[in-house]
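Peer 1: In the numbering used here, the protein residues as written are 62 to 225. Even glycine gets a Cβ: it sits at the ideal position worked out from N, Cα and C. All of these numbers come straight from a predicted model, not from anything done at the bench. Have a look at this one before I ask anything.
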């Protein structure tokens with residue numbers, strides 16, 4: 062299952078959980094690329110999302126783990142990069158399905174929302190689940206190559222709320 066390192070990073074709110082998860086990964090004999098933060102000094106989560114995205118792009122990591130207070134901001138920041146498929150997970154089912162259906166390569170977790178055992182279980186499910194390549198592949202292709210919005214026909218009638 063192991064190939065390249067697992068890149069892991071957090072902001073200040075996610076630091077305690079990130080540290081615990083890095084140790085958990087090392088205990089499972091994964092190579093861990095810890096990209097910070099290494100304390101609770103206030104920082105901006107997009108800076109750490111880009112660090113993990115860069116590690117994936119450069120081939121220094123095969124998967125990524127991001128932690129902020131809720132997991133929301135850091136997952137949005139990571140998904141700005143087209144080679145990243147970051148999934149916010151709060152339970153084992155979403156952690157498993159984000160790999161199985163969406164081939165997610167980054168898991169985002171909420172350091173203020175998840176207990177250590179749930180976070181560890183999510184991470185383990187994320188790392189041990191494989192993408193099942195059948196019907197989901199075409200969906201990933203659509204996300205990787207979005208259509209030209211000028212050529213997309215919109216079937217939603219915006220005038221239904223117009224009272225004039």
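With distances taken Cα to Cα, identify the nearest neighbour of residue 101 among 113, 171, 111 and 72.
Peer 2: Nearest of 113, 171, 111 and 72 to residue 101, Cα basis: 72.
Peer 1: Any idea what DSSP makes of residue 62, helix, strand or coil?
Peer 2: Here the model assigns residue 62 a pLDDT of 42, short of 50, so the residue's position is not dependable and the matter cannot be decided.
Peer 1: Our contact map puts residue 170 next to residue 128 with C-beta atoms below 8 Å; I'd like the distance itself, whole angstroms only.
Peer 2: Sure, about 5 Å apart at Cβ, within 8 Å.
Peer 1: Is it true that the stretch 120 to 139 meets the stretch 67 to 82, where meeting means three or more beta-carbon pairs spaced less than 8 Å apart?
Peer 2: yes
Peer 1: With DSSP as the reference, identify every bridge partner of residue 184, one or two as the case may be.
Peer 2: Beta-bridge pairing links residue 184 to no other residue.
Peer 1: Following the continuous alpha helix (DSSP H) through residue 158, name the residue where it begins and the one where it ends.
Peer 2: 153 to 161
Peer 1: For residue 113 and residue 146, which I take to be in contact (beta-carbon distance under 8 Å), what is that distance rounded to the nearest angstrom?
Peer 2: At roughly 12 Å, the Cβ-Cβ gap does not stay under 8 Å, so residue 113 and residue 146 are not in contact.
Peer 1: Taking the C-alpha atoms as reference points, what is the distance between residue 136 and residue 90?
Peer 2: 26 Å
Peer 1: Exposed or buried, residue 87, counting other C-beta atoms within 10 Å across all chains shown (16 or more means buried)?
Peer 2: Exposure of residue 87 is indicated by the presence of fewer than 16 other C-beta atoms within 10 angstroms of its C-beta.
Peer 1: Take the Cβ of residue 193 as the centre, count every other Cβ of all protein chains shown within 10 Å, and call the residue buried at 16 or more, exposed below.
Peer 2: exposed
Peer 1: Terminal residues of the continuous beta strand (DSSP E) containing residue 167?
Peer 2: 167 to 171
Peer 1: Helix, strand or coil for residue 226, going by three-state DSSP, please let me know.
Peer 2: Within the shown structure, residues of the chain are numbered from 62 to 225, placing residue 226 beyond reach of any answer.
Peer 1: Roughly how many angstroms lie between the CA atoms of residue 159 and residue 115, to the nearest whole one?
Peer 2: 21 Å
Peer 1: Would you list the one or two residues that DSSP bridges to residue 67?
Peer 2: 93 and 124
Peer 1: With burial defined as no fewer than 16 other Cβ atoms inside 10 Å of the residue's Cβ, what is the status of residue 173: buried or exposed?
Peer 2: Residue 173 should be labelled exposed.
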